[in-house]
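Report on the structure given below.
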Amino acid sequence: VTTLLWTFLLITILMFIFGLFGLELIRHDDKLDLGHPYNVAVFTYFGDVFEAVMTMMQCLSYDTIGSIYRPLINHNPWLFFYFWTVLLILSVALMNLITAIMLSACFSQANDDKEAAKLVRDIKRAKEMEALK
Numbered sequence: 001v002t003t004l005l006w007t008f009l010l011i012t013i014l015m016f017i018f019g020l021f022g023l024e025l026i027r028h029d030d031k032l033d034l035g036h037p038y039n040v041a042v043f044t045y046f047g048d049v050f051e052a053v054m055t056m057m058q059c060l061s062y063d064t065i066g067s068i069y070r071p072l073i074n075h076n077p078w079l080f081f082y083f084w085t086v087l088l089i090l091s092v093a094l095m096n097l098i099t100a101i102m103l104s105a106c107f108s109q110a111n112d113d114k115e116a117a118k119l120v121r122d123i124k125r126a127k128e129m130e131a132l133k
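All residue numbers for the sequence shown refer to UniProt numbering, where the first residue is 1 and numbers rise by one.
This is the structure we're talking about:
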């Protein structure tokens with residue numbers, strides 16, 4: 001449970017950090033009108049800290065992320081590297097980390113169960129040996 005709590009905390013911190021990077025990198029373009037898809041996406045998904053972190057949560061779960069990054073990357077192709085990094089680190093690396101932690105805990109518990117079963121077996125054998133004497 002503590003491992004999952006720390007993993008949740010790490011994911012939350014990374015979403016916050018990437019959200020702040022997004023706020024700094026992704027700004028509205030004064031040359032475009034406010035109804036342009038780029039500016040609409042900027043105001044909708046990176047309008048403030050809360051929106052940016054919620055956008056990172058969408059990136060984490062791949063929840064319609066294409067409709068978020070497509071208008072942004074079409075206008076500013078360099079943002080591809082930002083979204084690529086976000087998707088790679090948040091979604092792939094952290095989810096693999098969580099899976100590895102869960103599997104490690106399962107294997108550790110299975111090993112503990114084997115040792116406990118061996119101990120019970122040894123105690124049972126010792127009692128049977130005492131009964132035979």
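Virtual Cβ for every residue (Gly too), placed ideally from N, Cα, C.
Between which two residues does the alpha helix (DSSP H) holding residue i run?
| i | result |
| --- | --- |
| residue 77 | That residue, residue 77, is in no alpha helix (DSSP H); it is neither H nor E in DSSP. |
| residue 126 | 94 to 132 |
| residue 19 | 2 to 25 |
| residue 50 | 49 to 61 |
| residue 44 | 37 to 45 |
Of the choices the options, whose alpha-carbon is the least far from that of residue i?
| i | options | result |
| --- | --- | --- |
| residue 22 | 10, 46 and 11 | 46 |
| residue 24 | 35, 79, 34 and 37 | 79 |
| residue 93 | 26, 7 and 52 | 7 |
| residue 55 | 29, 76, 83 and 75 | 83 |
| residue 35 | 123, 106, 113 and 71 | 71 |
| residue 2 | 75, 14 and 105 | 105 |
| residue 62 | 90, 77 and 75 | 90 |
Excluding five sequence neighbours on each side, which residues of the same chain lie with their C-beta closer than 7 Å to the C-beta of residue i?
| i | result |
| --- | --- |
| residue 28 | 39, 42 and 43 |
| residue 32 | 38 and 39 |
Who are the near neighbours of residue i in its chain, counting only those whose CB is closer than 6 Å to its CB and skipping five residues on each side?
| i | result |
| --- | --- |
| residue 11 | 94 |
| residue 86 | 18 and 59 |
Buried or exposed: where does residue i fall if 16 or more other Cβ atoms within 10 Å of its Cβ makes it buried?
| i | result |
| --- | --- |
| residue 66 | exposed |
| residue 49 | exposed |
| residue 52 | buried |
If you measure from the CB of residue i, is any heavy atom of the ligand ZN nearer than 6 Å?
| i | result |
| --- | --- |
| residue 27 | No copy of the ligand ZN occurs in the structure displayed, which carries no ligand at all. |
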